[in-house]
Amino acid sequence: MRYPNFDNISVDNGWAFSSVRSIERWTHGYHRYPAKFLPDVVKRLIESYAGEGKTVADPFAGCGTTLVEAKIHGCKSIGTDINPIAVLITKVKTTPIEPDDLEKHYSGYVAKFKGYDRERFVGLKVHERLDYWFREEEKGKIAYLYQLASEESDTDIKDFFLVAISHILKSCSWWLQSSTKAQKDPNKNIQDPFLAFKQHCTSMIKGNKQFYNELSKKRFIDIECNIRLSDARHTELKDESADVIITSPPYVTSYEYADIHQLTGYWMNYFSDITKFRRPFIGTSYSGNKSIDIQNSFLGKKIVNELYGKEKKLAFDVANYFNDILAVSYEMARILRPGGVACVVIGNTTLRNVHVKSAEVLYGYLCKAGFMKVEVIKRNIPFKLMPTLRDEKTGKFTTMENRNCKKVYPDEFIIIMKKK
2 MRYPNFDNIS VDNGWAFSSV RSIERWTHGY HRYPAKFLPD VVKRLIESYA
52 GEGKTVADPF AGCGTTLVEA KIHGCKSIGT DINPIAVLIT KVKTTPIEPD
102 DLEKHYSGYV AKFKGYDRER FVGLKVHERL DYWFREEEKG KIAYLYQLAS
152 EESDTDIKDF FLVAISHILK SCSWWLQSST KAQKDPNKNI QDPFLAFKQH
202 CTSMIKGNKQ FYNELSKKRF IDIECNIRLS DARHTELKDE SADVIITSPP
252 YVTSYEYADI HQLTGYWMNY FSDITKFRRP FIGTSYSGNK SIDIQNSFLG
302 KKIVNELYGK EKKLAFDVAN YFNDILAVSY EMARILRPGG VACVVIGNTT
352 LRNVHVKSAE VLYGYLCKAG FMKVEVIKRN IPFKLMPTLR DEKTGKFTTM
402 ENRNCKKVYP DEFIIIMKKK
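Taken in order, the sequence shown gives residues 2 to 421; the numbers are from the working numbering.
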């Protein structure tokens, strides 16, 4: 198969959106999330390839950016994600709540802070990993916040408060604030959970009001929007049920999403042992794969064989990733209607001085799955949205101060394909 030479594609500055603050619009700012899908990218893709009344799908829904933008544009939407925490965040972000009702519940919630019994909650045993990340004082207050949320009878309100609690966990723990890796900051100025909750909830309430009012004005409040816990490799969505797919799969060896959300996972009982929770994630190094066999991609095999000569484990991880992306390509073809469009955002990287052309491999897979090219766009990634520096020796994300640093995600590709 002849691939377009992605290296020769010029950057389209019209897709950078470096000066916009769309991540603070509507409900997009409800919860921190690594490498967030930029809302303006999704907005432009919806306006170009979807339209009011169409059904938009996102098999890697993450924190729900595609579904929020779909609802604002009057599109039906369906999202899936393998991470139950992502599903909770997306469910809350796409559920507008009547503003006065939310304010009433919030006022009643914070009024109960006066009833906090320190003697009862400080020293409370929750999970040994939470003992590692939290001081006793903050742990007690978070336990109280969680108890109050759990007592809410209205499910939408309860989930709203749970997302607010989830968001503040890193600020109220030893977790290094700017890091997407699990590491402690012994010099951290740890926030008070009650104060952090009130500050973030106030921001969320403002976003909900904007979202609710905009949807009401457009009469889109009741537009169908569903998020389900499911694997992008086999979503269980109906055949030919979507008009457009807008998604961004995890980048190869970029983030361990299970680890990033471990504080919420332990607090909210999504798991008691993170080891098993990690394994099914796409792109994880914890899959246990010990094969470099690549299906249906000569380019993929070439990349993996080159990596195998430098670091076997890394070759196994990339091979597993490519095979997973192949399965996702066929699944997208299954759920998309004939003539429907798939818009996939993905970036290339460099590992052990091997150029890992994930975008080109994905492009080849989509062609094999029954898609034909519409357009391939190259856009710069603003540094503030995604770590782009990696240590050449260790492979870990790093900073400009590291003399071994190298840019690994300076830009990304938007691959737009039509199902035949």
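Backbone N, C-alpha and C define an ideal beta-carbon position, used for all residues, glycine too.
Quick check on residue i: does DSSP put it in helix, strand or coil?
i, result
"E413", "strand"
"W176", "strand"
"K219", "helix"
"P339", "strand"
"H29", "coil"
"K189", "coil"
"N6", "coil"
"H106", "helix"
"F161", "helix"
"T399", "With a pLDDT of 47 at T399, under the threshold of 50, the predicted position of this residue should be treated as unreliable, though the coordinate-derived value follows. Coil at T399, not helix or strand."
"V93", "helix"
"V433", "There is no way to answer for residue 433, as the model of the chain reaches only from 2 to 421."
"A17", "coil"
"I304", "helix"
"H201", "helix"
"G65", "coil"
"D325", "helix"
"R119", "helix"
"P35", "coil"
What does the Cβ neighbour count give for residue i, buried or exposed, with the cut at 16 atoms within 10 Å?
i, result
"G365", "buried"
"P250", "buried"
"L390", "Any reading at L390 must be qualified, since the residue scores a pLDDT of 45, below 50, and its modelled position is unreliable; the value itself is stated next. Burial call: buried."
"H356", "exposed"
"E25", "exposed"
"Y133", "exposed"
"K92", "buried"
"S217", "exposed"
"P388", "The predicted position of P388 is uncertain, since its pLDDT is 48 and thus under 50; a value taken from the coordinates is nonetheless stated next. Classification of P388: buried, given that the 10 Å Cβ count is 16 or more."
"E139", "buried"
"E257", "buried"
"P97", "buried"
"E70", "buried"
"A112", "exposed"
"N324", "buried"
"S154", "exposed"
"F212", "buried"
"F278", "buried"
"K94", "buried"
Kindly identify the DSSP beta-bridge partner or partners of residue i.
i, result
"M269", "Answer by DSSP bridge pairing: none, since M269 is not bridged."
"C226", "S78"
"M373", "K419"
"V127", "DSSP, once it has assigned bridges, lists no residue as partnering V127."
"K379", "V12 and F414"
"Y352", "According to the sequence displayed, residue 352 carries Leu and not Tyr. DSSP output for L352 lists V355 as bridge partner(s)."
"H168", "DSSP output for H168 lists no bridge partner at all."
"I98", "In the DSSP output, where bridge partners are listed per residue, I98 has none listed."
"C344", "I247 and I417"
"D232", "H235"
"A58", "I79 and I246"
Can you round the beta-carbon distance between residue i and residue j to whole angstroms, since I take them to be within the 8 Å contact cut?
i, j, result
"A360", "M418", "Not quite, the Cβ-Cβ distance comes to about 12 Å (not below 8 Å), so this is no contact."
"K420", "F372", "6 Å"
"F122", "G109", "The Cβ separation is near 20 Å, so there is no contact."
"G348", "E413", "4 Å"
"L68", "S78", "5 Å"
"I86", "R136", "The Cβ separation is near 23 Å, so there is no contact."
"V164", "H32", "6 Å"
Between the C-alpha atoms of residue i and residue j, what's the straight-line distance to the nearest angstrom?
i, j, result
"T400", "S179", "Below a pLDDT of 50, predicted positions are generally treated as unreliable, and T400, at 48, falls in that range; no measurement from the model is reported."
"I83", "I283", "9 Å"
"P100", "T203", "12 Å"
"D41", "N297", "34 Å"
"Y50", "R335", "19 Å"
"K429", "L230", "A query on residue 429 cannot be resolved here, the shown segment of the chain reaching from 2 to 421 and no further."
"A316", "S11", "30 Å"
"K199", "N321", "43 Å"
"G116", "F195", "12 Å"
"I222", "W268", "32 Å"
"Y252", "E120", "46 Å"
"K171", "T276", "20 Å"
"A58", "N188", "43 Å"
"T56", "M333", "14 Å"
"W16", "I378", "8 Å"
"W175", "H128", "16 Å"
"I295", "V305", "8 Å"
"S273", "G266", "8 Å"
"F18", "Y271", "36 Å"
"K159", "Q263", "20 Å"
"A370", "L177", "42 Å"
"F7", "E376", "11 Å"
Would you say residue i reaches chain E, if we count a Cβ-Cβ gap shorter than 9 Å as a contact?
i, result
"K421", "In the displayed structure, chain E is absent; only one protein chain is listed."
Would the C-beta of residue i count as close to the ligand FAD, meaning under 8 Å from any of its heavy atoms?
i, result
"V88", "The model on display carries no ligand, and the ligand FAD is accordingly not part of it."
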